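A short worksheet on the structure shown next.
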Ligand code: SF4
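Numbering (the working numbering), first residue to last: 1452 to 2180.
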């Protein structure tokens, strides 16, 4: 036999005959990459590609997007509605009519017995915007419970809260185009190359053209920190201290933008008074970044012609999440970096349509950034939907993280979960399990029947996935993109839009409110509600065809706007959505309220993502190549700490916190400091068995990343057996 390169047969990729390309938007993260799905003559998916003409991704996709078309036929998809009396019995297959009738009856029965708010609804950031709007109509207008929220409380609530407190409205002011104009880029608690690879690629491309400093603030030496010019390995949960100390230097050295502050902000004196308490000499002992470095970074940021800050869960998932966001906004207001090219605050959103749910789902208010607390908003929506405004509550109900404890106390008896998986995603799994067992009625609506939470349901609604449906997403930079319907729903699954419409027919107000048959008609209603003077969330100039032709349009895009481009940035005129049009500087005091490492539990437990998986792996856990690269959970541990405990690389260890324990394999790496361990959060029965999840007082978002654990050796054979039993699909 002859070996060698010369004699190797080249790999041939079988030719794929594509009869039609369907335009779509990735249904995983909030980057908003445009994907074309290739169908053959029979309408079967044969391939896909990143759309080269889309400004967001310019032809690129990450591993999740590249393999996304494998979802349609993946294992575990829900095929028929399922029903059972008790959660531990076997499911029986049933018809859609019976599943919907039974669910509507149970909702009414629970509400009749315990009051309207005793039935709660928790949705997601994964649906299409028209579905969110329709669900809002159903829940706010027909079912009438005030305990309705999205799982976005676990990822973006602090950003929303911080934007509202600073600028008077939600809505990220910047865009990816800012990378091409910035002179200084600072990232807080964001591992961009793994979380949002295509945004990272856009940043890298911009940096290669015009070299500007990248500063990464993260307790761990993440992939992003390794690529940064300056890495600030901050003590978990102390970002506010670092930001205050930076502003101390800026005011002390007269580097602030005084003209901007005077013209466009409120509360400058209050901010200065608080910041004056955070001189870098003292602050360094709290935030773990030395004095000189704080001064250097503050000067680089303030002296840059334009500087921008991004952040993700390192800021949001904290007991100081909302304050952290407000303080990033403070830094940018103080340096005059809002609303100008390359100068902005930009929260990098998690889920593909977390923005859509913030804008249109009515979770925390009413559609189009309207508030339940404002009578004129209640009246406007009630009149448009044709119902009595008194049907709406006068203030927001419980957030997702308060709904679960309300099950524990007996305040909530029934729950409808839509495309969310709290058995894996919520902190303190042992406690969540008890809550699920306590529910009198649980309906789970998901594309996958084997999602962990479905173990506790009484009814399962099988939902269609991604391009089996049609509708819009809004991405991180306010860009509305469309997913065209590429194929029929799998088996007897149904689009979420259809499920909400059918459920509405079973409630009195559902016969009064108009529920459009097609997503585009729902989009037309949203357009109508978005119009108005001083409304920043204006999509009235968009149509499905225009969105597709432009490969996504940023809002605001008004009826009177010509061409196909929306506004790239908000607040370019320095006018904000506050009563006097000026931005609010929010003085932020730091108070140390987290669980901390101690003698008994000496390690910080940090969590985050790996590039191959999305959230709780409901979908990526089914994709062969995503699983191949990241098959099981692991724990990063510093080799010096491991040596002290006589722990070897790839050994199993037991982690114990005050909540529970988990057995996990060790990966020795210098990425984590000696007093910290890190575990990816995607896996069932792992990091959230340990996490505490104290809540931010403003946003109700949990601090997933700040709690303490101890690490102990464990019998390796027993651990290997436990790990094999762990559910990895
Ligand atoms: Fe999808 Fe996000 Fe990957 Fe783009 S970066 S392909 S939107 S998962």
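For each residue, glycine too, the CB sits at the ideal point set by N, CA and C.
Only a predicted model underlies this, so the values are computations on that prediction, with no experimental measurement involved.
Counted within 10 angstroms of its Cβ, other Cβ atoms place residue i as buried (16 or more) or exposed
{"i": "residue 1460", "result": "exposed"}
{"i": "residue 1646", "result": "buried"}
{"i": "residue 2000", "result": "exposed"}
{"i": "residue 1714", "result": "exposed"}
{"i": "residue 1727", "result": "exposed"}
{"i": "residue 1485", "result": "buried"}
{"i": "residue 1682", "result": "buried"}
{"i": "residue 1941", "result": "buried"}
{"i": "residue 1470", "result": "exposed"}
{"i": "residue 1829", "result": "buried"}
{"i": "residue 2175", "result": "exposed"}
{"i": "residue 1671", "result": "buried"}
{"i": "residue 2140", "result": "buried"}
{"i": "residue 1813", "result": "buried"}
{"i": "residue 2024", "result": "exposed"}
{"i": "residue 1908", "result": "buried"}
{"i": "residue 1648", "result": "buried"}
{"i": "residue 1478", "result": "buried"}
{"i": "residue 1951", "result": "buried"}
{"i": "residue 1731", "result": "buried"}
{"i": "residue 1577", "result": "buried"}
{"i": "residue 1839", "result": "exposed"}
First through last residue of the alpha helix (DSSP H) which encompasses residue i
{"i": "residue 2064", "result": "Neither: residue 2064 is in no alpha helix (DSSP H) and is coded neither H nor E."}
{"i": "residue 1652", "result": "1648–1660"}
{"i": "residue 1889", "result": "1880–1889"}
{"i": "residue 1975", "result": "1970–1981"}
{"i": "residue 1715", "result": "1709–1715"}
{"i": "residue 1811", "result": "1805–1811"}
Pick from the options that is closest to residue i, judged by C-alpha positions
{"i": "residue 1888", "options": "1855, 2063, 2070, 1871", "result": "1855"}
{"i": "residue 1535", "options": "1527, 1521, 1554", "result": "1554"}
{"i": "residue 1614", "options": "1777, 1719, 1772, 2059", "result": "1777"}
{"i": "residue 2120", "options": "1524, 2157, 2130", "result": "2130"}
{"i": "residue 1884", "options": "1564, 2136, 1568", "result": "2136"}
{"i": "residue 1571", "options": "1893, 1719, 1860, 2108", "result": "1893"}
{"i": "residue 1930", "options": "2002, 1616, 2056", "result": "2002"}
{"i": "residue 1740", "options": "1859, 1550, 1669, 1821", "result": "1669"}
{"i": "residue 1638", "options": "1520, 1568, 2055, 1759", "result": "1759"}
{"i": "residue 1953", "options": "1586, 1746, 1488", "result": "1586"}
{"i": "residue 1698", "options": "1729, 1685, 1709, 1718", "result": "1729"}
{"i": "residue 1878", "options": "1707, 2157, 1799", "result": "2157"}
{"i": "residue 1886", "options": "2009, 2106, 1906", "result": "1906"}
{"i": "residue 1704", "options": "1691, 1949, 1723, 1984", "result": "1723"}
{"i": "residue 1622", "options": "1631, 1630, 1612", "result": "1612"}
Cβ shell of residue i (< 8 Å), same chain only, five flanking positions each side left out
{"i": "residue 2179", "result": "Model confidence at residue 2179 stands at a pLDDT of 48, short of 50, so the residue's coordinates are unreliable and nothing is read from them."}
{"i": "residue 2022", "result": "1618, 1624, 1789, 1790, 2034"}
{"i": "residue 1979", "result": "1835, 1991"}
{"i": "residue 1819", "result": "1810, 1811, 1977, 1980, 1981, 1986, 1988"}
{"i": "residue 1943", "result": "1530, 1531, 1532, 1547, 1913"}
{"i": "residue 1561", "result": "1569, 1570, 1864, 1865, 1891, 1892"}
{"i": "residue 2085", "result": "2115, 2116, 2117, 2118, 2130, 2131"}
{"i": "residue 2029", "result": "1618, 1619, 1717, 2035"}
{"i": "residue 2038", "result": "1718, 1721, 1722, 1724, 1725, 1726"}
{"i": "residue 1784", "result": "1617, 1711, 1712, 1715, 1716, 2034, 2036"}
{"i": "residue 1746", "result": "1700, 1731"}
Short CB-CB distance (under 7 Å) between residue i and chain C
{"i": "residue 2073", "result": "Chain labels in this structure do not include chain C; a single protein chain is all it has."}
Proximal residues to residue i (C-beta, below 7 Å), its chain only, five neighbours per side dropped
{"i": "residue 1772", "result": "1609, 1766, 2147, 2150, 2152"}
{"i": "residue 1971", "result": "1995"}
{"i": "residue 2006", "result": "1929, 1931, 1988, 1989, 1990, 2017"}
Chain-order list of residues whose beta-carbon lies under 6 Å from that of residue i (same chain, five-residue window excluded)
{"i": "residue 1850", "result": "1600, 1604, 2151"}
{"i": "residue 1711", "result": "1787"}
{"i": "residue 1717", "result": "2033, 2035"}
{"i": "residue 1593", "result": "1955, 1958, 1960, 1961"}
{"i": "residue 2123", "result": "1671, 2087, 2089, 2129"}
{"i": "residue 2163", "result": "2105"}
{"i": "residue 1946", "result": "1915, 1920"}
Residue i - containing beta strand (DSSP E), residue span
{"i": "residue 2107", "result": "2103–2107"}
{"i": "residue 2163", "result": "2158–2164"}
{"i": "residue 1680", "result": "Counting along the chain, residue 1680 falls outside any beta strand (DSSP E), and DSSP gives it neither H nor E."}
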